[in-house]
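In the numbering used here, the protein residues as written are 4 to 164.
As structure tokens, the structure follows; a few thoughts come after it.
Shown next, in the form of structure tokens:
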């Protein structure tokens, strides 16, 4: 199996990370996705449009530099996922997009992202302040805890086209 994902640690400054986490927590009070989803609670997918503060711009600027390496130029959607308990896995694809998963708060790095290939699979660890970038055509889902978490796992997902 060829490694076709990129994992970058210490992606943002501690200050930017903390500010984005606070904003994301607030988004779960005001911008929750309407649908009853099976894979945790999600915000609306317009976070890149409603968050224009410097710490968000720093995140998107840095991510865009990385996505440009894959010839992906513009943000399609951006949302956050909150996981605090065991959930049923819903493996899925982001067809014709490149995806990123930024781990804002995750006390157990084993709760990363599960990538499934035709003949193999890998679990990429989810260290806080790391970002996973991969081809959205890869079947994937979050790794869910086996019991209720003391603190929720917050990730920020961004799709590029």
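Idealized CB from N, CA, C, for every residue including glycine.
Bear in mind that the values here come from a model prediction, so they are computed numbers and not experimental data.
task: Please report how far the alpha carbon of residue 144 lies from the alpha carbon of residue 115, in whole angstroms.
output: 9 Å
- request: With DSSP as the reference, please indicate the residues paired to residue 124 in a beta bridge.
  value: 119
query: Smallest Cα separation from residue 163: which of 50, 43, 103?
result: 103
task: Apply the 10 Å Cβ neighbour rule to residue 136 and answer buried if 16 or more other Cβ atoms are within range, or exposed otherwise.
output: buried
- request: With DSSP as the reference, label residue 89 as helix, strand or coil.
  value: coil
query: Which word fits residue 133, buried or exposed, when buried means at least 16 other C-beta atoms lie within 10 angstroms of its C-beta?
result: buried
task: Go through its chain and collect everything with a Cβ distance to residue 22's Cβ below 6 Å, but skip five positions before and after it.
output: 58
message: Tell me the rounded alpha-carbon separation between residue 100 and residue 154.
response: 30 Å
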